[in-house]
Structures are given as structure tokens and as C-alpha cells.
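Basically my numbering = 1-based index in the sequence shown + 1. See structure below.
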Amino acid sequence: MAQARYSRLLRRGLVLLAIGVGVVSLQQVGLTHALDNELTDLRFRATSRSPSGEIVLVDIDARSLAEIGVWPWPRNLHGELVLAAAEAGAARIAFDVDFSTFSTPEADSAFAAALSQAGIETFLAAFVQESAAGSGLMLPSLPIDLLLQHSWPAIVNVPLDPDGLVRRAAFPVEIGSETVSAMPSILAGRDGSNGLFGIDYGIDATRLRRVSFVDALNQRLQPGTLAGKTLIVGAAALELQDRFSVPVYGVVSGSTVLALAADSLLQGRDLTFVAMPAILLVAAAMVALLLCALVPSRRVLIVFGGLAITVEAVALHLQATHAIVLATALLQATLAGFALFAIIREFDMRGLLLWAARTEVKNGHSVLERVIEDGFDGVVIFDDRDRIVRMNEVARDLLGYSPGTRLAGLPPFIVERLSLVREAFRNDASIPKDGCLETLTSEDGDRRVLEYGLAPFWMEKIAAVDDEVSEGAIYVCLRLRDVTERELTQEKIRFMALHDGLTGLYNRHSLEERLDAALNQRTPGSGLGILCFDLDQFKAVNDVLGHAVGDKVLMETARRASQVIARPALLARTGGDEFMALLGAETAEAALADADALAASLGELFYESGHQIAVAASVGVCWWSAEGGTASAMMRQADVALYRAKRQGRGLVVLFEPAMEEDRLARLELEADLNRAFEKDEFQVFYQPQVDLVSGELVGAEALLRWKHPTKGFVSPAVFIPVAEEMGLIHRLGAWVLTTACCEAKRWPSTATIAINVSAVQFATGDLVAAIGEALEASQLPAERLELEITESAFVQDSKGLDEIFERLLGLGISFALDDFGTGYSSLGYLHRFPISKIKIDRSFVSNVPMDGQAMAILRSIRALAEGLDIKTIAEGIETPEQAETLRIMGCQQGQGYLFGKPMDAEAIQSRLRADGSQQRALVA
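Here it is as C-alpha cells:
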């Protein structure tokens with residue numbers, strides 16, 4: 002009897018010892034401290050309270066940084082803020098900003114003067130820090146003496162807990178032989194206290210009053226906002242990196258921490274941290290042990306739960322009403338230890354292990370059920386007799402399964418594959434688990450594509466008798482996934498990869514593949530034809546009627562082409578308005594016949610969106626016999642033939658000839674030389690004099706672009722300018738001419754003008770206004786000395802866009818001359834619509850003056866028109882004194898031509914302009 006009593010006492014003592022060791026271990030590794038912090042934070046959240054309202058945060062926020070535009074900003078701004086705060090009635094102002102180093106004498110003096118004049122209490126940030134990492138030597142950082150003459154230092158250091166969070170603040174800090182009060186305590190009037198105090202994070206930080214620095218500085222606040230308040234100025238912008246981690250609110254600014262600490266003192270909420278008395282812990286342990294011995298386990302657990310809740314309720318009350326933070330983690334850990342002991346006592350160890358195993362199996366089964374039932378894939382499990390033992394809802398929907406359906410009622414691909422997979426698994430053969438596709442069609446014709454995989458696995462069978470060996474059975478898991486949308490999408494992607502999205506025709510890649518295949522499969526005596534065609538003036542359709550109408554024209558083009566080419570053919574859209582057709586043609590004549598029919602069909606009017614549209618198709622034809630040939634060569638030759646057709650006119654059909662390749666190569670060589678000409682500085686600007694026909698004086702010059710090729714000499718502008726326009730090089734070339742000519746003209750006499758030709762392409766695309774503005778800025782040439790010569794082709798584009806360009810250029814002071822006047826038929830319609838100040842009479846009307854009566858009549862008409870519109874005239878191509886005299890008598894003001902000088906380089910024209918104009922006057926006379 003005594004021995005049994007001794008055993009019970011020993012067992013209880015061991016339990017008490019084990020729980021004590023466990024609790025102490027938790028304390029040593031910091032888990033109880035972490036639990037205390039979590040419980041304290043929960044109490045903060047449960048006891049939220051409003052701020053006192055005495056403190057206003059003045060945030061140096063992102064808006065302030067953006068508005069002032071520099072950081073650190075001049076200290077005189079801080080001084081201006083102090084004066085603005087004093088004027089607004091603030092009681093005191095504290096700066097959580099480092100003023101320990103000098104800025105500029107003027108800014109520091111201005112700040113100090115403001116501190117002296119403000120008439121309110123001011124406090125500046127001070128702090129202590131290690132002199133070097135790991136040195137342990139602490140050095141003070143105080144504001145500069147100039148500022149301390151008019152303000153008080155206040156410590157802004159805050160201690161960090163081991164977990165990196167700020168939970169406490171200091172009252173005073175020793176700096177050398179002096180004691181400096183911390184900013185929170187001095188702002189709250191508690192600078193006489195010592196040690197640390199806890200910050201009450203139950204105070205709602207989101208309700209602290211905040212204003213932006215720039216709003217306070219510029220007095221953009223409601224009257225009374227700062228009256229009687231304590232202001233804390235600090236960094237709130239993320240880029241200033243004054244951030245601390247705190248309970249409840251996560252990461253906040255340093256000024257927010259100071260405000261919460263000061264507000265805690267103002268409300269008497271400076272927290273005191275109290276540990277659980279050891280005697281209470283021992284008493285709780287003894288009572289818990291006694292309860293475990295005398296009370297059934299289930300009731301003990303209820304009692305322990307009630308005690309834990311009671312302890313936390315008391316701790317919550319102390320923290321909420323008395324600012325006392327009671328550490329309850331040790332007591333809770335002790336109660337938890339005894340609760341665990343009660344649970345273990347309720348079960349013996351074997352029962353506990355069995356219960357744990359059953360629970361694990363049950364949980365695993367539940368997880369598996371959820372995975373199978375809630376997954377995106379259909380799952381069917383077959384036993385070794387092909388019976389369905391498990392099928393989720395997804396599989397039932399995919400297979401149209403209903404209860405009672407036998408294996409034979411499932412789709413055939415499942416029945417066929419089951420036995421094959423089992424046999425392969427039994428023989429250790431390779432089995433594809435995923436990626437098989439099967440298409441099912443329902444009774445109503447709906448098509449569904451399933452991706453499936455079969456995965457066999459062994460299942461152990463329990464032997465009927467203990468002495469028998471367990472047998473294995475092969476089960477099979479069928480995984481199904483509806484990939485109909487994916488397959489349809491991939492089909493669309495494949496179609497898009499091989500076809501044109503607008504017309505549905507094949508694209509260039511498909512054409513090349515089919516052409517290669519056709520070339521490889523040709524038989525002797527057969528031939529292949531390639532038609533390459535595009536629409537003439539299609540760009541005008543897009544520009545005038547819009548791309549929507551243009552797209553309809555392209556679709557109608559595809560439809561007509563499909564109808565015209567009767568024999569088996571392949572049509573492809575290879576570019577914007579460019580198409581190609583591959584067709585079998587025994588002779589070149591047969592291919593040309595198809596091309597003629599195609600050109601005729603596409604030459605008929607298009608009727609789209611209420612518009613009659615006239616476009617023609619140019620067609621290039623390439624025909625190859627059965628011998629030789631590659632896809633790329635045929636397509637290139639058809640393209641060369643198309644290029645020749647477009648050069649010769651509209652709506653033409655041209656059959657490729659070998660000589661065309663040479664022209665194409667010459668064109669490519671010219672394009673390459675043009676690109677290289679910029680790098681090698683081969684372009685030059687020449688100048689042809691322009692003369693006043695009355696006085697004979699040289700009044701200016703026209704800039705003429707010249708290209709001196711290293712091997713071919715000077716290349717005619719009529720040759721390379723159109724190529725430059727097609728290449729898109731004209732913008733760069735035009736900008737270079739503008740800048741070069743303007744810079745040269747700046748050196749001329751101030752009355753001399755410079756005339757520069759501007760391409761219609763420069764008007765239609767690019768930014769002509771910007772190019773001219775840059776040229777004028779680079780040269781400093783007055784805009785009124787620049788004259789732009791334009792041809793009527795510039796007016797083809799949208800007149801609204803032209804109006805804007807002319808208006809902007811006129812705003813710069815530039816004048817305009819209409820070049821080659823009289824050679825077109827539409828120029829007259831634009832003279833009164835656009836600000837043309839000069840007409841340039843084409844040389845074709847000047848060459849036969851005064852003998853040609855018709856030319857004289859045209860010249861008189863042009864002069865009458867110009868006089869009626871108050872427009873000046875200049876005649877080009879003057880070569881004889883008689884021509885000059887005749888034009889002068891007819892009233893033409895200016896002239897240009899070989900009579901006055903051939904185009905010359907910059908040095909020569911400058912000499913001419915500076916020389917006496919007596920020679921020209923003699924020529925006119």
C-alpha cells in the first residue's frame with residue numbers, strides 16, 4: 002500500500018518536473034516571449050482608442066518632395082515652416098530631421114533666425130549611434146550650435162526588441178555628462194521620468210492628424226488646424242527610408258512612432274511590463290497537478306480552458322484600464338502542459354498511436370477525396386476485374402456516365418486500352434501516361450476532344466488466412482481532361498500561322514511551302530506560273546476613305562481573284578495590298594492569259610460602303626518549265642516583273658525577263674549606295690542665284706541637292722530623289738539639306754533669301770515642322786529669309802492636315818513658293834486656299850520666249866493671275882538676255898537660270914552675293 006502511494010507520488014513528481022523543464026525550455030528559446038508579444042498585440046487590437054488630438058504630424062511626403070523638387074531641401078524652408086506654424090497658432094514644433102551637419106551658411110542662418118523669431122517652443126532631433134559597426138563606442142549627434150542657440154535638442158532614438166519591432170521608448174538619454182530628454186517625453190511634459198516605457202499601440206495610428214509639409218508651409222490648411230497643437234515634422238515618403246516595424250500597424254514612419262509614444266504619455270498610457278509572479282506559477286502548477294489526480298480528464302480540460310480564458314481576461318483588463326502589460330505566456334504554457342498530460346492519461350500509448358494512425362488515414366482519405374472530387378480532371382479507377390470503383394463528377398460528365406453503366410457502355414477507346422495497359426504493366430513495358438487524344442461526338446453532333454492517360458498500379462489484397470501470402474491486384478487510374486477549347490484554339494493558331502487574317506487566303510510562308518512542294522512534284526512537260534499583283538493607288542483609298550473601306554476592297558480583291566483563276570491554284574496575300582497566285586500553266590502564254598483576266602477583273606469598279614472606287618491591278622508574271630527552279634527564285638522574279646509593271650504605268654501585265662533582274666540589282670545597288678552616302682559625306686548643296694529682273698541685283702539663291710558618287714560622279718536628282726522617297730530616306734535627306742542650307746545662308750547678306758525644295762513625301766509623312774524648326778535653331782537664320790518651294794503633288798493629301806502644317810510654318814514666319822507652276826491642272830484650285838506668296842514659272846514656258854506665241858499667251862495669263870492674287874512671280878530657266886527682258890516687261894519680278902549663273906558651291910555663291918551686282922544689272926539692261 003505504501004509502495005503504491007510512493008509510486009503515485011513519484012509519477013506525479015516526474016510529471017511536474019517534466020512540465021517544468023518543458024516550460025523553462027520554451028522560455029529559454031524565446032517562444033514564451035514571442036507568445037507574450039502576440040498576446041499583447043491581440044489586446045491592442047481589442048482595446049483600440051482614439052488619439053488625444055494634441056499632436057499633428059507634418060509629413061515630408063512624396064507630394065512635398067515633388068512640389069519642392071529637391072532633397073535635402075534648403076534649411077530656410079524649415080525656418081519658413083516654423084514661422085508659418087507660429088502664425089497658425091501652433092504651441093510647439095519638433096523636427097525628426099537630422100541637423101547635425103552644416104548645409105549652407107545662408108540657409109542655416111535663415112533657419113536659426115526663424116527659430117529665434119517664432120516665439121514658440123522648438124525641438125530638434127538628436128540621437129546617439131555607434132562610431133563604427135561593432136565598435137560599441139556610442140557617439141552623440143546633436144544639431145549644430147547655431148541652431149541650438151535658439152532651440153532644444155530632443156532624443157529620437159527608439160530601442161528595438163529582438164524581433165526587430167519597436168515596443169518601447171526612452172525617457173532621458175545620457176550624452177556625455179549631460180542628460181538629454183527624449184522627444185516623446187519632453188513633448189508630453191514628462192521629461193522628469195527615467196527608464197523605458199511601453200508604447201500603447203491600442204491608440205489608433207490611422208486617426209492621428211496629418212498634414213503635408215507643403216500645405217503647412219504655404220498655409221493651405223483650414224483655419225485652426227494647427228492652433229494650440231504640438232507639431233512633429235518627419236519623413237513620411239518611402240524614398241527617405243525613415244521606417245520602423247511596430248506591432249499592429251506593420252511598417253510606419255519614425256515620426257509616427259514618436260507621435261504614438263508622446264500620445265501614450267499624454268493619455269497616461271505609458272505601459273508597464275509585469276512578469277507573472279513565480280509564486281503564482283508554482284501555485285498554478287500544484288493546483289493543476291491536484292486537479293489531474295482527482296478530476297476526470299475531460300473535466301480537467303474544461304477547467305484548464307476556463308482558467309486560460311480567465312487569465313487572458315484579467316490581462317486584457319489590466320492593459321486596457323491600468324496600462325499594465327501582464328506576461329501570461331508562462332502560465333498558459335504551464336496549463337497547456339498539464340492539459341497535454343490529461344489527454345495522454347486518457348489514452349494509453351498504444352491507443353493513442355492507434356488513434357493517431359486512424360486519424361492520419363482518415364485525413365489522408367479526406368484529402369484524396371477532395372483532390373479527386375474537386376479537381377479539374379476527370380478520374381476513373383478500375384479494379385483488377387475492370388469494375389469501376391471510383392469516378393468523380395468531372396469524369397461522369399465527360400463520359401456521359403450514369404449509375405449502372407457497365408464497362409462495355411463506356412467509350413470504346415477505354416475498353417480497348419485497359420487490357421493493353423495492364424499487360425504492359427505486368428511485363429514492365431513502357432506506358433504513356435499522358436497526352437493521348439480522343440474525339441467524342443455526342444448524339445446531337447457536339448464534338449468534344451479529351452486528353453487522357455492510363456496509370457496502372459499495384460493494390461495489396463489481404464490474405465484470408467494468416468498463413469497465406471497477400472496477393473496483388475493491378476488497378477488502373479484513368480485521367481481525363483476536356484481540351485476541346487485548347488484544340489480549337491490551336492487549330493485557329495495553326496490556321497492563323499498559315500493564312501492571312503483578313504482575307505482568309507494563304508500567307509507568304511504557306512505559299513513558299515506549297516511552291517517548294519509543287520517544284521519537287523513537277524513532271525516533264527509541265528510548268529508553273531506565279532502571278533504577283535497589287536492594287537495601284539490603294540494607299541489613296543486608305544487615306545481618303547479609311548482603312549475599314551480599304552479592308553473591304555482587299556477582301557473583294559481576294560474574292561475576284563479566286564473566281565478568275567479557274568484552274569487549281571493557290572492564292573496568297575503576301576503584304577499590305579500585294580497578292581501572289583501559284584498556278585499550273587503549261588506555257589507562259591497560259592499564265593499571261595490568267596494575268597490579263599485578273600487585271601481586267603480588278604480593273605472594274607469596286608462598290609464599297611456607298612463609294613465607287615476605281616483601282617487597277619499591276620501584275621508581274623513568272624513562268625518556269627519543269628527543269629530547275631526554286632521557290633525563292635520564282636517569287637523574286639515575279640516581284641521584279643511587278644516592279645517593272647508599276648514603273649511602266651497602271652493596270653499593266655509584265656512577264657519576267659532575265660534583263661529585268663539587272664535593273665532590279667541596279668536599283669538595289671542604288672539603294673545601298675544611298676544609305677552609304679550619308680556615312681561617307683557624299684551629298685553636297687549647290688546654290689543657283691535668283692535675281693531681281695528690274696534692278697539686276699542678286700536677291701537670293703535656290704538650294705539644290707547634289708550627290709557625288711565616288712565612282713559614277715554626279716548622280717541626277719531625278720534618279721535618286723524618287724528612290725530616296727520610296728526608301729523613306731527623304732526625311733533624313735531633307736532635314737540635312739534644310740540645316741546645311743540655312744547655316745550657309747546665315748553667312749550671306751541679311752537681305753538675301755534661301756529657297757529650298759520640299760518633297761510632297763515630307764509633307765505627307767514625318768514631322769516637317771520639327772525639321773524646319775531644328776534647322777532654324779541650329780543656323781539662327783531669321784525665318785523670314787527662308788522660302789519653301791513646293792509642287793502641286795503636295796496637295797494630294799488631306800487638306801486639313803496641310804492647313805495645320807501651313808499654319809504652324811506661317812507662325813514661324815516662313816514664306817511659300819509654288820514650284821513648276823503651269824505644268825499641272827490642279828494648282829489653280831490651291832492658290833487661294835493656301836498661303837502661296839510666289840509662283841515659280843516652269844522653264845518649259847520660258848525656253849521659247851519671245852518667239853513662241855502660245856508660251857507668251859500662257860505667261861501673260863500667269864502674270865495676270867498672280868497680279869490679281871497679289872502673288873510674286875519668278876521664272877526659271879532664263880538663258881538669254883532677250884528672255885530676261887521680255888519677262889521683265891511682262892511684269893515678272895525675279896528670274897533664275899544659266900544667264901545669271903549655274904548652280905555653284907557655297908563658297909562661290911557667297912562671293913557672288915557679296916560682290917557688286919553691276920554685272921547682273923548690265924545683263925538685264
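We treat Cβ as the ideally placed atom computed from N, Cα and C, and that holds for glycine.
* **Three-state class that DSSP yields for K647 in the structure shown** => DSSP places K647 within a helical segment (H, G or I) once states are collapsed to three.
* Could you give the distance in angstroms between the alpha-carbon of R482 and the alpha-carbon of F414? -> Each residue's Cα considered, the two are about 15 angstroms apart.
* Excluding the 5 residues preceding and the 5 following D871 in the sequence, name in chain order all residues of the same chain whose CB lies nearer than 7 angstroms to its CB. => Taking C-beta separations shorter than 7 angstroms and ignoring five residues to either side along the sequence, D871 has no partners in its chain.
* **F715 classed as buried or exposed, judged by whether at least 16 other C-beta atoms fall within 10 angstroms** => The residue in question, F715, is exposed, as its Cβ has fewer than 16 Cβ neighbours within 10 Å.
* **the stretch 620–627 contacting the stretch 640–650, beta-carbon criterion three pairs below 8 angstroms** => Contact check between the stretch 620–627 and the stretch 640–650: three or more CB pairs, one atom from each, fall below 8 angstroms, which counts as touching.
* So, are the CB atoms of F1 and L419 less than 8 angstroms apart? -> No answer is possible for residue 1: it lies beyond the span of the chain, which begins at 2 and ends at 926.
* Asked: In terms of alpha-carbon separation, which member of G892, R208 and C743 lies closest to N758?
  -> Residue C743 is the option with its Cα nearest to N758.
* **Backbone secondary structure at E908 - three-state DSSP** => E908: helix per DSSP, three-state reduction.
* To do: Kindly indicate which residue of E68, R809 and A591 has the alpha-carbon position closest to the one of D768.
  => Distances from the CA of D768 to each of E68, R809 and A591 were compared; the closest alpha carbon is that of R809.
* Residues of its chain near A867, where Cβ-Cβ distance is below 6 angstroms and the 5 sequence neighbours each way are ignored -> Cβ within range, chain order: I840 and T874.
* **Three-state class that DSSP yields for C623 in the structure shown** => Here C623 sits in strand by DSSP.
* Between which two residues does the alpha helix (DSSP H) harbouring V554 extend? -> V554: member of the alpha helix (DSSP H) spanning H548 to V565, first to last residue.
* **Neighbourhood of P904 by C-beta distance below 7 angstroms, restricted to the same chain and skipping five residues each side** => Cβ neighbours of P904 beyond the five flanking positions: F687, Y688, Q689 and L705.
* What are the boundary residues of the beta strand (DSSP E) that Q1 is part of? -> Because the chain is modelled from 2 through 926, residue 1 falls outside the range shown and cannot be assessed.
* To do: Can you have a look at Y507 and say buried or exposed, based on whether 16 or more other CB atoms are within 10 angstroms of its CB?
  => Counting the other CB atoms within 10 Å of its CB gives Y507 a total of 16 or more, which places it among the buried residues.
* Asked: According to DSSP, what are the bridge partners of M635?
  -> Answer is none; M635 lacks a bridge partner.
* Please name the residue or residues paired with L440 in a DSSP beta bridge. => Here residue 440 is Thr; the residue named in the question, Leu, does not match the sequence. The partner list for T440 (beta bridge, DSSP) reads V450.
* To do: Inspect the beta-carbon positions of N158 and V181 and report whether they are closer than 8 angstroms.
  => N158 places its beta carbon 8 angstroms or farther from that of V181.
* **beta-carbon A907 near the ligand ATP non-hydrogen atom, thresh 7 angstroms** => As far as ligands go, the structure on display features none, and thus does not contain the ligand ATP.
* Asked: When we look at the beta-carbon of E793 and count the other beta-carbons within 10 Å, is it buried (16 or more) or exposed?
  -> By the neighbour-count criterion, in which a residue is buried when 16 or more other Cβ atoms sit within 10 angstroms of its Cβ, E793 is buried.
* Asked: Exposed or buried, which one is T257 when buried takes at least 16 other CB atoms within 10 Å?
  -> With 16 or more Cβ atoms within 10 Å of its Cβ, T257 is classed as buried.
* Asked: Are there 16 or more other CB atoms within 10 angstroms of the CB of I204, so buried, or fewer, so exposed?
  -> Under the 10 Å beta carbon count, I204 is surrounded by 16 or more other beta carbons and is classified as buried.
* Contact between the stretch 566–583 and the stretch 607–614: three or more CB pairs below 8 angstroms? -> Remark: fewer than three beta-carbon pairs, one from each stretch, lie closer than 8 angstroms, so the stretch 566–583 and the stretch 607–614 are not flagged as touching.
* To do: Going by CA-CA distance only, name the one from L66, P248, E908 and R861 that's closest to L888.
  => Nearest of L66, P248, E908 and R861 to L888, Cα basis: R861.
* Asked: Should Q897 and E703 be called a contact, given that it needs their Cβ atoms to be closer than 8 angstroms?
  -> In this structure, Q897 sits near E703, with a CB-CB distance shorter than 8 angstroms.
* **Integer-rounded CB distance, given that L266 should sit under 8 angstroms from A309** => No, A309 and L266 are not in contact; Cβ-Cβ is about 33 angstroms, not under 8 angstroms.
* So, is C533 buried or exposed, given that buried needs 16 or more other C-beta atoms within 10 angstroms? -> Classification for C533: buried.
* **Three-state secondary structure (DSSP) of T105** => Of the three classes helix, strand and coil, the one that applies to T105 here is coil, per DSSP.
* **Residues near P77 by beta carbon distance below 7 angstroms, same chain, minus five either side** => For the sequence presented, residue 77 should be read as Asn rather than Pro. Cβ within range, chain order: A108, A111 and F112.
* H323 (DSSP reduced to helix, strand or coil) -> H323 falls in the coil class under three-state DSSP.
* By Cβ distance, which residues of its chain are closer than 7 angstroms to A183, with the 5 residues on each side in sequence left out? -> Counting only Cβ-Cβ distances below 7 angstroms, and skipping sequence neighbours, we find A155, I156, A170, A171, F172, P173 and V174.
* Asked: Taking DSSP as the reference, what is the three-state secondary structure of S848?
  -> Annotated three-state conformation of S848 is coil, per DSSP.
* To do: Assuming T504 and R574 form a contact by the criterion Cβ under 8 angstroms, report the distance between their Cβ atoms to the nearest whole angstrom.
  => 5 angstroms between Cβ atoms; contact.
* **Residue span of the beta strand (DSSP E) that contains L529, given as start and end** => Run containing L529: G528 to L536, per the beta strand (DSSP E) assignment.
* To do: Please check the pair A276 and S254, which I expect to be a contact at CB under 8 angstroms, by giving their CB distance rounded to whole angstroms.
  => Actually they are not in contact, since the Cβ atoms of A276 and S254 sit about 32 angstroms apart, beyond 8 angstroms.
* C-beta neighbour in chain C for P413, strict 8 angstroms -> No chain C appears in the structure shown, which is made up of a single protein chain.
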